[in-house]
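Asker: First the structure, then my questions, so here it is.
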Ligand SMILES: Cc1cc2nc3c(=O)[nH]c(=O)nc-3n(C[C@H](O)[C@H](O)[C@H](O)COP(=O)(O)OP(=O)(O)OC[C@H]3O[C@@H](n4cnc5c(N)ncnc54)[C@H](O)[C@@H]3O)c2cc1C
């Protein structure tokens, strides 16, 4: 087993996702503490230019193959597994994202390594891993022996800025494994349909969750958003209930937003929601449950019934 940490870089449409920088920052801290080496794994077709954004790494392993041009779980899983087999890193960090969750389990099985999912914290020596379970209501610490472990990290767990560093890390080309007989083929990337309001460009979002109870109660939320000069967005259950269009959904399977103000009303703060809004400049949360995970991310938290809060603020405004 080597004293290396392997971070699997996630990118889409030419942009490296924040989760990659979050993991790189944390991996750097661990490798500095333990005298190890931080290796970033970049996969794709003609994306070697991105290596310059991975300057915090000691080394970038670049695997270039036309079968890696678009995300294909089978191709990516085989590729990560082959690099892990060669390197034998003590820790493999993958995003707990839609892409990462397609890869991590397969690598774990292929390489016979334990897999710890929903990771929100890692100790400075890399050996104690904290998972955030039940939408953040329960944390579990797992200790691993250092003999190789796959972890999938929840987006928003570590600061992305800590891993952002331009530079010229050494880039090593690795040959892709045989990807000629894949049973899965990439067809197309389905972009979210455009809606009446583009929530990704709004400076103020009033985001409503299951706490609103019924679509009969949405007009007071619309009124509040309009008085604040913003738009209404929501968590997934609101879209699943067909109370608002899918184009209003924030999160992992919705849209990523970065408004100046993100006001949440009756949203618990599940990791899949946090993934879409954690980068907002100012997060204000209203929830009756003082232990709601959303308060771990909010700059201001208000423990109150939204049916008292919304009319009172509407009256004030
Ligand atoms: C693969 C996958 C993808 C997903 N993608 C997304 C996604 O993109 N976006 C997303 O949002 N979710 C997503 N989810 C769902 C996610 O896991 C949560 O189930 C969801 O975010 C919960 O929404 P919520 O916070 O509105 O509801 P709940 O978790 O039910 O929380 C409701 C909150 O309202 C509070 N509340 C209740 N009544 C009141 C009141 N009167 N006043 C104040 N507070 C009150 C409660 O205390 C509670 O905290 C995804 C899940 C999976 C498995």
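Numbering (the working numbering), first residue to last: -14 to 302.
No residue lacks a Cβ here, since even glycine has one placed at the ideal position from N, Cα and C.
(1) Taking residue 57 as the reference, give the member of -6, 69, 121, 88 with the closest Cα.
(2) Could you check the C-alpha separation between residue 189 and residue 293 for me, to the nearest Å?
(3) Does at least one heavy atom of ligand 1 sit under 8 Å from the Cβ of residue 17?
(4) Measuring from the CB of residue 271, is there a heavy atom of ligand 1 at a distance below 8 Å?
(5) For residue 44, which of helix, strand or coil comes out of DSSP?
(6) Tell me, please, whether the region 144 to 156 touches the region 119 to 132 by the rule of three or more beta-carbon pairs shorter than 8 Å.
(7) Mind reading off the beta-carbon distance from residue 49 to residue 158? Whole number of angstroms is fine, and I expect it under 8 Å.
(8) What residue range does the alpha helix (DSSP H) around residue -11 cover?
(9) So does residue -13 have its beta carbon nearer than 8 Å to some heavy atom of ligand 1?
(10) What does the alpha-carbon distance come out to for the pair residue 0 and residue 62?
(11) Does the distance from the C-beta atom of residue 206 to that of residue 295 stay below 9 Å?
(12) Counting only the same chain and skipping the five closest in sequence on each side, list residues whose C-beta sits under 7 Å from that of residue 261.
(13) State whether the region 268 to 286 contacts the region 245 to 253, with contact taken as three or more CB pairs (one from each stretch) at a distance under 8 Å.
(14) Does the distance between the C-beta of residue 3 and the nearest non-hydrogen atom of ligand 1 fall short of 8 Å?
(15) CB of residue 250 to nearest heavy atom of ligand 1: below 8 Å?
(16) Could you give the DSSP three-state label for residue 170: helix, strand or coil?
(17) Would the C-beta of residue 73 count as close to ligand 1, meaning under 8 Å from any of its heavy atoms?
(18) Is residue 313 close to ligand 1? I mean its beta-carbon at under 8 Å from any heavy atom of the ligand.
(19) Hey, would you say the C-beta of residue 154 is under 8 Å away from at least one heavy atom of ligand 1?
(20) What first and last residue would you give for the beta strand (DSSP E) that runs through residue 65?
(21) Are there any heavy atoms of ligand 1 lying less than 8 Å away from the beta-carbon of residue 256, as far as the coordinates show?
(22) Considering only the beta carbon of each residue, do residue 80 and residue 138 sit closer than 9 Å?
(23) How about residue 153 and residue 37: do their beta carbons lie closer than 9 Å?
(24) Taking 9 Å as the cut-off, decide whether the C-beta atoms of residue 117 and residue 103 are in contact.
(25) Give me the Cα-Cα distance between residue 41 and residue 34, rounded to the nearest whole angstrom.
(26) When DSSP labels each residue in this structure, what does residue -4 get in the three-state scheme?
(27) For a test of the three-state rule: what should DSSP assign to residue 28, helix, strand or coil?
(28) Under DSSP, the alpha helix (DSSP H) around residue 92 begins and ends at which residues?
(29) Can you confirm whether residue 283, when its beta carbon is compared against all beta carbons of chain C, has any partner nearer than 9 Å?
(30) Just verifying my parser: in three-state terms, what is the DSSP assignment at residue 16?
(31) Any heavy atom of ligand 1 closer than 8 Å to the Cβ of residue 274?
Answerer: Reading it off the structure:
(1) Minimum Cα distance to residue 57 is reached at 88.
(2) Rounded to whole angstroms, residue 189 to residue 293 spans 21 Å at the Cα level.
(3) Result no, Cβ not under 8 Å from ligand 1.
(4) Checking every heavy atom of ligand 1 against the Cβ of residue 271, one is found closer than 8 Å.
(5) Here DSSP, grouped into helix, strand and coil, assigns residue 44 to strand.
(6) Contact between the region 144 to 156 and the region 119 to 132 is absent, because fewer than three Cβ pairs lie under 8 Å.
(7) Rounded, the Cβ-Cβ distance is 7 Å, consistent with contact.
(8) Looking at the DSSP string, residue -11 is not in any alpha helix (DSSP H); the run it does join, the beta strand (DSSP E), is -11 to -7.
(9) Checking the 8 Å criterion, the Cβ of residue -13 is out of range of every heavy atom belonging to ligand 1.
(10) Each residue's alpha carbon lies about 20 Å from the other.
(11) Yes, the pair counts as a contact, with Cβ atoms nearer than the cut-off.
(12) Only 235, 236, 237, 239, 240, 241, 242 meet the Cβ criterion.
(13) Enough Cβ pairs lie closer than 8 Å, so yes.
(14) No, Cβ of residue 3 sits at least 8 Å from all heavy atoms of ligand 1.
(15) Correct: residue 250 has its Cβ closer than 8 Å to ligand 1.
(16) The answer is coil: DSSP assigns residue 170 none of H, G, I, E or B.
(17) It does not: the Cβ of residue 73 is nowhere closer than 8 Å to a heavy atom of ligand 1.
(18) Nothing in the structure corresponds to residue 313, since the chain is present only between -14 and 302.
(19) Closer than 8 Å to some heavy atom of ligand 1: that does not describe the Cβ of residue 154.
(20) Careful: residue 65 lies outside any beta strand (DSSP E), inside the alpha helix (DSSP H) at 58 to 72.
(21) Yes, the Cβ of residue 256 comes within 8 Å of a heavy atom of ligand 1.
(22) Yes, they are a contact pair.
(23) In this structure, the beta-carbon distance from residue 153 to residue 37 falls below 9 Å.
(24) Contact: yes.
(25) One C-alpha to the other measures close to 15 Å.
(26) Looking at residue -4 - three-state DSSP - the assignment turns out to be strand.
(27) Correct three-state label for residue 28: strand.
(28) Counting along the chain, the alpha helix (DSSP H) containing residue 92 begins and ends at 83 to 96.
(29) Structure shown: chain C not included; a single protein chain is present.
(30) In the structure shown, residue 16 sits in a helix (DSSP, three-state: H, G or I).
(31) Residue 274 Cβ: within cutoff of ligand 1.
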